[in-house]
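Just below is one structure, and these are the notes that go with it.
Number of protein chains: 2
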Amino acid sequence: MGRWEPGARQRLADAALGLFLERGYEATTVADIAARAGLTERTFFRQYSDKREVLFGDPIEYNAVFTDAVAAAPADASPLDAITAALRAAGKWFEGRHPYARRRAAVIDANPALQEREQVKRLHLTEAVAAALAGRGVSAATAALAAELATVSFHQAFARWVALGEESDLGELAVAVLAELRALAA
Amino acid sequence: MGRWEPGARQRLADAALGLFLERGYEATTVADIAARAGLTERTFFRQYSDKREVLFGDPIEYNAVFTDAVAAAPADASPLDAITAALRAAGKWFEGRHPYARRRAAVIDANPALQEREQVKRLHLTEAVAAALAGRGVSAATAALAAELATVSFHQAFARWVALGEESDLGELAVAVLAELRALAA
Chain V
1 MGRWEPGARQ RLADAALGLF LERGYEATTV ADIAARAGLT ERTFFRQYSD KREVLFGDPI
61 EYNAVFTDAV AAAPADASPL DAITAALRAA GKWFEGRHPY ARRRAAVIDA NPALQEREQV
121 KRLHLTEAVA AALAGRGVSA ATAALAAELA TVSFHQAFAR WVALGEESDL GELAVAVLAE
181 LRALAA
Chain G
1 MGRWEPGARQ RLADAALGLF LERGYEATTV ADIAARAGLT ERTFFRQYSD KREVLFGDPI
61 EYNAVFTDAV AAAPADASPL DAITAALRAA GKWFEGRHPY ARRRAAVIDA NPALQEREQV
121 KRLHLTEAVA AALAGRGVSA ATAALAAELA TVSFHQAFAR WVALGEESDL GELAVAVLAE
181 LRALAA
């Protein structure tokens with residue numbers, strides 16, 4: 001990264017989200033986003049590879065919210081206990097982000113290219129959680145399935161969370177979805 | 001569609017798969033694929049919107065393999081029974097396709113753009129199965145979760161199936177993965 005640009009990343013994301021909601025995703029250019037944020041296009045491309053990326057944070061930081069919780073679960077915790085801890089940690093991480101998440105979801109739901117990118121984010125999260133479970137000695141097959149249960153629960157809960165007008169506890173919603181999945185499978 | 005081009009779609013897919021395996025996905029052009037298939041680029045673009053699409057069949061036909069089975073399940077079948085029927089129907093549809101599926105999986109596993117496209121295919125399948133379950137009177141929330149169980153089971157089973165040197169019963173593998181998921185959730 002070049003010059004020190006305090007908060008450039010978040011300023012660009014906020015500017016992009018505003019423009020996407022006002023004008024639509026397709027009609028907004030990187031130049032528009034940079035101008036709205038009071039930054040240059042060059043700065044944009046130091047932060048994000050393209051327009052689509054601006055609504056997606058750092059995947060390493062995001063995945064670590066879940067995987068750190070899996071790794072930190074007690075040694076005798078089952079795979080389900082470990083993913084339950086991850087769902088609660090993720091809920092905590094999203095505290096206070098409900099207004100942004102609602103606006104972001106409105107843009108993503110309206111754009112197939114962004115839905116596609118969101119799915120890829122989920123795939124990488126599932127792989128990261130499976131690796132974290134395997135790191136606890138869980139077999140690869142069980143780790144893969146437990147990780148899928150974690151991301152299915154989280155994403156269903158997230159969809160319900162952003163549909164609500166007021167912020168509720170996302171972690172508890174996710175744990176409740178996991179319980180629904182368990183009841184369905186029983 | 002213009003002139004009658006018997007089997008053009010499959011010839012292009014076979015040519016593309018061969019070239020992707022020999023030269024790599026990035027190094028292969030649409031012109032290369034058309035030439036190998038003995039067809040024109042214009043014919044290619046009548047069949048597929050771009051190079052990435054050539055390894056992905058008709059989503060309506062593919063999703064219908066699952067959704068027709070869900071719709072055809074007995075009136076008193078539970079959501080899990082209905083998705084079990086869908087997994088068996090999908091296994092039947094893939095009978096004899098193991099050699100092609102293995103070659104295709106090798107190309108997809110090596111290319112992030114194709115993995116991304118595969119994820120989108122899975123998303124659309126999940127949505128289609130959820131809609132089919134809702135059509136049976138299952139609540140939207142339960143339909144969404146049961147559909148996720150179906151596609152998680154199918155995709156995990158598919159990964160195991162293509163990893164095997166010889167063709168085995170994909171439907172039974174998928175039903176076994178669903179049973180593993182149920183045991184994990186118990």
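Residue numbers (the UniProt record's numbering), protein chains in the order written: chain V, 1 to 186; chain G, 1 to 186. Note that beta-carbon positions come from the ideal geometry of N, C-alpha and C, so glycine has one too.
Asked                                                                                                               : Found
Minimum Cβ-Cβ distance from V:Gln115 to chain G less than 9 Å                                                       : yes
Stretch pair the segment 163-173 of chain V + the segment 91-100 of chain V: three plus CB contacts closer than 8 Å : yes
Contact test: G:Arg160 Cβ vs the ligand HEM heavy atom, cutoff 8 Å                                                  : Absence of the ligand HEM is noted for the structure shown, with no ligands found whatsoever.
Test: G:Leu12 CB closer than 9 Å to a CB of chain V                                                                 : no
Residue burial classification, V:Ala82 (beta-carbon count within 10 angstroms, cutoff 16)                           : buried
CA-to-CA distance, V:Pro74 to V:Asp169, given in whole angstroms                                                    : 24 Å
Same chain only: Cβ atoms within 8 Å of V:Gln115, ignoring 5 sequence neighbours per side                           : Ile108 and Asp109
Any chain G beta carbon closer than 9 Å to V:Pro59                                                                  : no
The alpha helix (DSSP H) enclosing V:Tyr62, as first and last residue numbers                                       : Pro59 to Ala72
Cutoff 9 Å: G:Thr142 Cβ touching any chain V Cβ                                                                     : yes
Alpha carbon of V:Asp76 to alpha carbon of V:Ala37, nearest angstrom                                                : 49 Å
Residue 190 of chain G: contacting residues in chain V (beta-carbon distance under 9 Å)                             : With chain G covering only 1 through 186, there is no way to say anything about residue 190 of chain G.
G:Ala141 vs G:Thr67 beta-carbon contact at 9 Å                                                                      : no
Closest Cα partner of G:Glu172 within the set G:Ala69, G:Phe154, G:Arg52 and G:Val138                               : G:Phe154
Which listed residue (G:Thr84, G:Ala27, G:Gly24 and G:Asp14) has its alpha carbon closest to that of G:Leu149       : G:Thr84
Buried/exposed call for G:Gln119, threshold 16 Cβ in 10 Å                                                           : buried
Presumed contact (8 Å Cβ cut-off) between G:Ala186 and V:Ala186, rounded CB distance                                : 7 Å
Element boundaries [alpha helix (DSSP H), containing V:Leu12]                                                       : Ala8 to Arg23
Distance between G:Lys92 and G:Ala174 (C-alpha atoms, nearest Å)                                                    : 11 Å
Proximal residues of chain V, C-beta to C-beta of G:Arg182 below 7 Å                                                : Ala185
9 Å Cβ cutoff met for G:Thr28 and G:Leu39                                                                           : no
Partner residues on chain V for G:Ala146, Cβ-Cβ distance less than 7 Å                                              : Leu184
Chain V within 9 Å of G:Val162, Cβ atoms only                                                                       : no
Residue 191 of chain G versus V:Arg9 - alpha carbon distance                                                        : Any question about residue 191 of chain G goes unanswered here, given that chain G covers just 1 to 186.
Contact list for the segment 78-103 of chain G against chain V, Cβ threshold 8 Å                                    : Pro79 and Leu80
G:Ala86 beta carbon less than 9 Å from that of G:Val129                                                             : yes
From G:Asp14, G:Leu181, G:Glu41 and G:Leu80, residue whose alpha carbon lies closest to that of G:Phe56             : G:Asp14
Assigned exposure category for V:Phe45 - 16 Cβ within 10 Å defines buried                                           : exposed
Same chain only: Cβ atoms within 8 Å of V:Leu181, ignoring 5 sequence neighbours per side                           : Leu149, Val152 and Ser153
V:Glu26 versus V:Arg103: straight-line alpha-carbon distance, rounded                                               : 16 Å
Integer-rounded CB distance, given that G:Pro79 should sit under 8 Å from V:Leu178                                  : The pair is not a contact, with the Cβ atoms about 17 Å apart (cut-off 8 Å).
Distance, G:Asn63 Cα to G:Leu133 Cα                                                                                 : 13 Å
Under 9 Å between C-beta atoms of G:Val30 and G:Arg136                                                              : no
Residue closest to V:Gly24, alpha-carbon to alpha-carbon, out of V:Ser49, V:His124 and V:Pro112                     : V:Pro112
First through last residue of the alpha helix (DSSP H) which encompasses V:Ser153                                   : Ala140 to Ala163
DSSP state of G:Arg182 mapped onto helix, strand, coil                                                              : helix
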